[in-house]
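Residue numbers (the working numbering): 503 to 962.
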C-alpha cells in the first residue's frame, strides 16, 4: 500500500488504483513473474476475504508484520490487474499454514475455471474470463512462520495440498513446494524423498545478513569496508547453498525435472531509522547492486537446476527495486542491475573462462571478480562482470567457448563511495553510464574493471 496501490488518491497518477510511475518502471524491467500474497502473510491469507466489494471486505491484523491492520483492499482481482499492467505472470502462494486443501482448491478454481459456480462468482465480481496461474506455491516457509513443521510432516502436508491444486483441462500449473531455509539440507532431502512426485519445483530462501545473527542489525548505509566485504561474502555463499541442495535433488531427480526456485533472496538489514520495524524498509546502496549482480551470476551458473528466482522485495521492502514516499519515487542501484541484466531472461548460459584474484578484507575472502555470459533471445552474446574489490581496479582476460567477436560495447554501474545511494533529492547518484574499458584482443575479451563496479557488455 502506497508503493504500488494508491486506490482513489488522485494526487498520485494511477490506473485502476496502481500508481503509473512505479508500473512504468517495472514494465521497463520486463518483470516475468510476481509472487503474492506472501511471504509469511500467505499462510494466514484467506482468499475470500479479498474478493467482492472492497467496502465489505474484512479488516484483519497482520500478525507477522507490525501488527497493523490489513484492509484486504488488494485481493485476487486487484493482483491480476497489477499483473496486466506490469506484463508479468502470476505466482500465487497458497495457505497451508492455517488454510485447508478445500480452500486452496477453490481458490485455484475461482481463478482458472472457465465454467461453474466459482467461475460465475468471479464474473459477478468483474472478471468473466479465467486467469492464467502458471505458478502456485504450496505454502511458504513451513519450517517457520508457515507452521513450524518438521520436514517429514511438511512433506506429507505438501503432498496432500498439492494434490488439490488442479488446473483446468489442457493447462498446466507449476507446483512449487516450500523448500529449505538456508542450509537445511535435511529439509530438501525429506521433500524430495516424500513429495517430489507431486511437485514441479522446490523453493530455497536465503538472505544476506552482514554482522550475522537474528534479527538483522547491520545498517543499510552506515557501513565500512568490513561491512562491504561481509555482505559480499554472504552473497557468494549462495553458490555453495545451491550446489549442495542441487546435489540432494540430483539423487532423487537426476533428470532435473524438479527445479529449484530461489524465490526469496537479497540483503536484509536493520530497518531505516524512524520507520516502522514491521515494514522492513531499508535504503539501497552500491553494495546492494553488487549483491544483486553476484546472485544473478550464480543463478546463471546453476541454470540447469535454478529456473526461477525472485528477489525480496519489489517496492519499499528489503532489497527493493523502487522506493516511494507519497508521490515521490526513486530507482535504486538494485533496480539498475536488474535492468542491465535483462538479456539474461530466458537466455542460454555460455561457459565463461574467468580467472580472478581474491579480494580479502579481514576474515573475509572472495573472488574479486564475479561473472556470467549468455546468448540472449536476440541472438547476441552478453557478459556481466562485477569487481567486488572496493579500492582496486582489476583487469581480466576472458574466453567464451564457441564465441568470436569483432567488437564490444557496454555499460557500467559504479559510484564514488561504497555506500552511495539514490534519494528523492538526488535520484541519479548511482546510475548506469557508457563503458569503454573492454576490447577484443587475440580472440579473447580483455576488460579493465574499475573498483566496486558492475559492467554488462554486448559482443558483436
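Every residue, glycine too, gets a C-beta built ideally from N, C-alpha and C.
Margin query: Along the chain, where does the alpha helix (DSSP H) containing residue 827 start, and where does it finish?
Written below: What you label residue 827 is simply residue 325 of the chain shown in a count that begins at 1. Looking at the DSSP string, residue 827 is not in any alpha helix (DSSP H); the run it does join, the beta strand (DSSP E), is 824–827.
Discussion item. Measuring alpha carbon to alpha carbon, tell me which residue in 639, 902, 867 is nearest residue 884.
Written reply: On the chain shown, residue 884 is found 382 positions in, with the first residue counted as 1. Per the C-alpha coordinates, the member of 639, 902, 867 positioned closest to residue 884 is 902.
Option in 746, 635, 686 with minimal Cα separation from residue 443:
Coverage of the chain is limited to positions 503 through 962, which leaves residue 443 absent and any answer about it impossible.
**Report entry** Cβ pair count under 8 Å reaching 3, the segment 935–942 against the segment 903–915
**Finding:** Contact holds: three or more Cβ-Cβ distances are below 8 Å.
TODO: Consult DSSP for residue 883 and reduce its assignment to one of helix, strand or coil.
DONE: Within the chain shown, the letter at position 381 stands for residue 883. Looking at residue 883 - three-state DSSP - the assignment turns out to be strand.
Please identify the residue among 537, 660, 682 whose C-alpha is closest to the C-alpha of residue 646.
Along the chain shown, read from residue 1 onward, the residue named residue 646 stands at position 144. Nearest C-alpha to residue 646: 682.
- Exposed unless 16 or more other CB atoms sit within 10 angstroms - verdict on residue 954: Here residue 954 corresponds to residue number 452 of the chain shown, with the count starting at 1. Result: buried.
Item to check | Identity of the residue in 679, 542, 669 nearest residue 655 by Cα | outcome: In the chain shown, residue 655 corresponds to position 153, counting from 1. Nearest option by C-alpha distance: 679.
| request: Give every residue of the same chain whose Cβ lies closer than 7 Å to the Cβ of residue 815, excluding the five residues on either side of it in the sequence, and list them in chain order. | output: Within the chain shown, residue 815 is the residue found at index 313, counting from 1. 822.
Could you give the distance in angstroms between the alpha-carbon of residue 712 and the alpha-carbon of residue 895? Your numbering for residue 712 matches position 210 in the chain shown. Your numbering for residue 895 matches position 393 in the chain shown. The straight-line gap from Cα to Cα measures roughly 24 Å.
Alpha helix (DSSP H) containing residue 638: first to last residue? By one-based count along the chain shown, residue 638 stands at place 136. Residue 638: not part of any alpha helix (DSSP H); member of the beta strand (DSSP E) spanning 637–640, first to last residue.
CB-CB length for residue 861 against residue 868, believed under 8 Å
In the chain shown, the residue the question calls residue 861 occupies position 359. In the chain shown, the residue the question calls residue 868 occupies position 366. Beta-carbon to beta-carbon, residue 861 and residue 868 are separated by about 6 Å, close enough to satisfy the 8 Å threshold.
Item to complete: Return the CA-CA distance between residue 604 and residue 764, expressed in angstroms with no decimal places.
Response: Here the question's residue 604 lines up with position 102 in the chain shown. Here the question's residue 764 lines up with position 262 in the chain shown. Here the alpha carbons of residue 764 and residue 604 stand approximately 27 Å from one another.
task: Report yes or no: do the segment 603–619 and the segment 515–523 share at least 3 C-beta pairs separated by less than 8 Å?
output: Taking a cut-off of 8 Å on C-beta distances, the segment 603–619 does not touch the segment 515–523, as fewer than three cross pairs fall below it.
Can you check which of these residues, 657, 653, 664, is closest to residue 639 by C-alpha distance?
Against the chain shown, residue 639 aligns to sequence position 137. Residue nearest to residue 639 within the set 657, 653, 664 is 664 (criterion: CA-CA distance).
Which parts of the segment 569–631 are runs of the alpha helix (DSSP H), unbroken and 4 residues or longer, counting only runs that do not cross its ends?
Fully enclosed alpha helix (DSSP H) runs of no fewer than 4 residues occupy 578–588, 603–614, 619–626 of the segment 569–631, in order along the chain.
Alpha carbons only, please: which of 541, 643, 667, 733 is nearest the one belonging to residue 689? As a position in the chain shown, residue 689 is number 187, starting the count at 1. Per the Cα distances, 643.
| said: Within 10 Å of its beta-carbon, does residue 736 have 16 or more other beta-carbons around it, so buried, or fewer, so exposed? | reply: Locating residue 736 in the chain shown gives position 234, counting from the first residue. Residue 736 comes out buried.
For residue 757, does the count of other Cβ atoms within 10 angstroms reach 16, so buried, or fall short, so exposed?
Position 255 of the chain shown, counted from the first residue, corresponds to residue 757. So residue 757 ends up on the exposed side.
Query - Distance between residue 597 and residue 748 (C-alpha atoms, nearest Å) - result: Counting from one through the chain shown, the residue named residue 748 turns up at place 246. Counting from one through the chain shown, the residue named residue 597 turns up at place 95. In a straight line, the C-alpha of residue 748 is about 26 Å away from that of residue 597.
Next on the checklist: Quick check: the segment 915–929 against the segment 822–836, are at least 3 beta-carbon pairs closer than 8 Å?
Outcome noted: With contact defined as three or more Cβ pairs closer than 8 Å, the segment 822–836 and the segment 915–929 are in contact.
> When the distance is taken between beta carbons, is residue 770 closer than 9 Å to residue 782?
Replying inline: Stepping through the chain shown from its first residue, residue 782 is reached at position 280. Stepping through the chain shown from its first residue, residue 770 is reached at position 268. Contact flag set, yes.
Cut-off 7 Å between Cβ atoms - residues of its own chain near residue 841, not counting five sequence neighbours on either side:
In the chain shown, residue 841 corresponds to position 339, counting from 1. Residues of the same chain with a CB within less than 7 Å of the CB of residue 841, apart from the 5 flanking positions on each side, are 530, 531 in chain order.
Check: For residue 963, which residues of its own chain have a beta-carbon under 6 Å away from its beta-carbon, when the five flanking residues on both sides are left out?
Finding: Only positions 503 to 962 of the chain appear in the structure, and residue 963 is not among them; the question remains open.
Problem set entry | Integer Cβ distance of residue 706 from residue 743, believed to fall under 8 Å | Translated into positions along the chain shown, residue 706 becomes position 204. Translated into positions along the chain shown, residue 743 becomes position 241. Indeed they touch by this definition, with Cβ atoms about 7 Å apart.
Contact check, residue 755 vs residue 698 under 8 Å by CB: the rounded distance? Here residue 755 corresponds to residue number 253 of the chain shown, with the count starting at 1. Here residue 698 corresponds to residue number 196 of the chain shown, with the count starting at 1. At roughly 6 Å, the Cβ-Cβ gap stays under 8 Å, so residue 755 and residue 698 are in contact.
Check: So, residue 881 versus residue 957, is the Cβ gap smaller than 9 Å?
Finding: Stepping through the chain shown from its first residue, residue 881 is reached at position 379. Stepping through the chain shown from its first residue, residue 957 is reached at position 455. In this structure, residue 881 sits away from residue 957, with a CB-CB distance that is not shorter than 9 Å.
- Query: residue 576 and residue 826 look like a contact to me (Cβ under 8 Å); what is the Cβ gap, rounded to whole Å?
  - Reply: Locating residue 576 in the chain shown gives position 74, counting from the first residue. Locating residue 826 in the chain shown gives position 324, counting from the first residue. Contact doesn't hold; Cβ gap of about 15 Å is too wide.
message = Rounded to the nearest angstrom, what separates residue 847 and residue 808 at their Cα positions?
response = Counting from one through the chain shown, the residue named residue 847 turns up at place 345. Counting from one through the chain shown, the residue named residue 808 turns up at place 306. Taking the CA atoms as reference points, residue 847 sits about 13 Å from residue 808.
Q) Buried or exposed: which applies to residue 572, given that a residue is buried once 16 or more other Cβ atoms fall within 10 Å of its Cβ? A) Position 70 of the chain shown holds residue 572. Burial of residue 572 is indicated by the presence of at least 16 other C-beta atoms within 10 angstroms of its C-beta.
Q) What is the DSSP secondary structure of residue 511, counted as helix, strand or coil? A) Position 9 of the chain shown holds residue 511. Per DSSP, reduced to three states, the secondary structure at residue 511 is coil, with no helix or strand assignment.
task = Take residue 591 and list the residues in its own chain whose beta-carbon comes closer than 6 Å to its own, dropping the five residues that flank it on each side.
result = Stepping through the chain shown from its first residue, residue 591 is reached at position 89. Excluding residues up to 5 positions away in sequence, 535, 636 lie with their Cβ nearer than 6 Å to the Cβ of residue 591 in the same chain.
I think residue 595 touches residue 544, with their Cβ atoms under 8 Å apart; what is that distance to the nearest whole Å? On the chain shown, position 93 is the one that residue 595 refers to. On the chain shown, position 42 is the one that residue 544 refers to. At roughly 4 Å, the Cβ-Cβ gap stays under 8 Å, so residue 595 and residue 544 are in contact.
Could you tell me the distance, in whole angstroms, from the CA atom of residue 778 to the CA atom of residue 785?
Locating residue 778 in the chain shown gives position 276, where the first residue counts as 1. Locating residue 785 in the chain shown gives position 283, where the first residue counts as 1. CA-CA distance, residue 778 to residue 785, rounds to 14 Å.
| task | Give me the Cα-Cα distance between residue 866 and residue 714, rounded to the nearest whole angstrom. | result | Start at 1 with the first residue of the chain shown, and residue 866 comes out as number 364. Start at 1 with the first residue of the chain shown, and residue 714 comes out as number 212. Computed Cα separation, rounded: 13 Å.
- Message: In this structure, how does DSSP classify residue 896 when only helix, strand and coil are distinguished?
- Response: The sequence position of residue 896 within the chain shown is 394, counting from 1. Reduced to three states, the DSSP call for residue 896 is strand.
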